[in-house]
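For what it's worth, our numbering labels the leading residue of the sequence shown as 56, then goes sequentially. Backbone N, C-alpha and C fix where the C-beta goes; we use that ideal spot for every residue, glycine too. All values derive from a computational prediction rather than experimental measurement. In what follows, a structure is listed as structure tokens, so that the remarks can point back to it.
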Amino acid sequence: MKETTGQKVGIALNQTEDANISLYAILWSYGASTIDKERRVTINSPQTRKAMDFVKDLYATTMTDEVLSWDDASNNQAFLGGNYSWVHNAVSVYFVAKEKVPDLFKVTNHTLTPQGPGGQHGTAIPFNYGVWKFAKEKELAKQFLQYMMEPKRYEEIFHATLTFNAPPFKKGETFDWQRDPKTAMLKDYAKTAHMIGWPASPDRKAEQARAEWIIPNMFTYYCTGRKSLDEAVTWAETELQRVYSAKA
56 MKETTGQKVG
66 IALNQTEDAN
76 ISLYAILWSY
86 GASTIDKERR
96 VTINSPQTRK
106 AMDFVKDLYA
116 TTMTDEVLSW
126 DDASNNQAFL
136 GGNYSWVHNA
146 VSVYFVAKEK
156 VPDLFKVTNH
166 TLTPQGPGGQ
176 HGTAIPFNYG
186 VWKFAKEKEL
196 AKQFLQYMME
206 PKRYEEIFHA
216 TLTFNAPPFK
226 KGETFDWQRD
236 PKTAMLKDYA
246 KTAHMIGWPA
256 SPDRKAEQAR
266 AEWIIPNMFT
276 YYCTGRKSLD
286 EAVTWAETEL
296 QRVYSAKA
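Encoded structure:
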């Protein structure tokens with residue numbers, strides 16, 4: 056595709072959060088996972104290898120080496136520059152296009168993460184609000200958060216960000232998702248999205264694996280030829296065993 060049209064696919068293959076979000080989703084979509092429900096490391100599987108072969112082929116046929124040095128803003132910037140036809144990203148790029156590249160905004164659309172042999176899966180990255188312990192007006196701050204998170208009020212925040220601040224709670228399904236038909240399908244994203252560490256519940260060790268970029272590194276080693284398929288998977292297995300065998 057990149058040779059015939061000049062248009063490319065944008066998925067970061069680097070130590071960046073976008074890479075975690077994309078590559079965990081692809082793993083799950085092939086029926087693979089880093090661990091099982093009992094937190095036993097399961098990355099060394101045929102399903103993982105199939106997911107890695109898919110990404111390597113995608114990298115070779117639709118991407119350029121620039122994805123190896125991308126940060127979390129890079130695929131947004133690449134898409135807004137007009138040389139990428141598809142990026143795996145939140146609606147933040149859509150939000151910016153509306154303000155800065157209106158012609159591109161008009162022809163931009165969305166879809167859920169594509170379905171694979173293991174089903175359709177997305178990666179959930181929550182944003183949390185809190186109050187500093189040293190805050191002088193703790194109770195007032197808590198009241199403000201409660202006020203802001205009331206469903207009617209939060210729906211306006213949701214629309215102001217073009218659904219970027221999508222709610223994880225059930226009440227969010229009653230929001231007016233049809234206000235913009237191009238983001239309406241994102242209502243279903245939470246139904247198949249998981250926290251990193253799935254199918255186990257999220258915990259500190261899952262976050263450590265995420266913060267150490269184990270999955271992005273595994274894919275990148277294989278895509279760039281730094282390691283063979285077996286070497287990359289075995290490396291990731293060793294790293295995950297280290298994380299999950301450590302004392303809490």
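Measure the C-alpha to C-alpha separation of residue i and residue j and round it to an integer number of angstroms.
i	j	result
residue 243	residue 167	8 Å
residue 220	residue 69	25 Å
residue 184	residue 230	21 Å
residue 222	residue 116	36 Å
residue 111	residue 104	10 Å
residue 277	residue 108	9 Å
residue 269	residue 175	22 Å
residue 299	residue 86	21 Å
residue 100	residue 198	49 Å
residue 71	residue 127	6 Å
residue 119	residue 279	11 Å
residue 204	residue 133	34 Å
residue 272	residue 191	43 Å
residue 286	residue 293	11 Å
residue 172	residue 102	9 Å
residue 138	residue 121	13 Å
residue 179	residue 158	30 Å
residue 188	residue 155	39 Å
In the DSSP assignment, find the unbroken beta strand (DSSP E) run with residue i in it and report its ends.
i	result
residue 140	139-142
residue 64	63-65
Taking the alpha helix (DSSP H) that residue i falls in, what are its first and last residues?
i	result
residue 111	101-117
residue 188	Looking at the DSSP string, residue 188 is not in any alpha helix (DSSP H), and its letter there is neither H nor E.
residue 151	147-155
residue 77	72-84
residue 206	206-215
residue 134	129-135
Check each candidate in the options and name the one with the smallest Cα separation from residue i.
i	options	result
residue 301	232, 96 and 154	96
residue 74	125, 199 and 233	125
residue 248	72, 198 and 84	84
residue 289	93, 240 and 89	89
residue 218	129, 241 and 296	241
residue 214	170, 181, 237 and 186	237
residue 323	212, 92 and 142	This structure cannot settle anything about residue 323, because the visible part of the chain is limited to 56 through 303.
Does any residue of chain D have a CB that is nearer than 7 Å to the CB of residue i?
i	result
residue 234	Absent here is chain D; the protein component of the structure consists of one chain.
For this session: Could I get the ranges of all uninterrupted alpha helix (DSSP H) runs contained in the stretch 239-295, with 4 residues as the minimum, in chain order?
Result: 259-266 and 269-278
Exercise. Is there contact here, the stretch 72-85 with the stretch 251-271, by at least three beta-carbon pairs under 8 Å?
Worked result: yes
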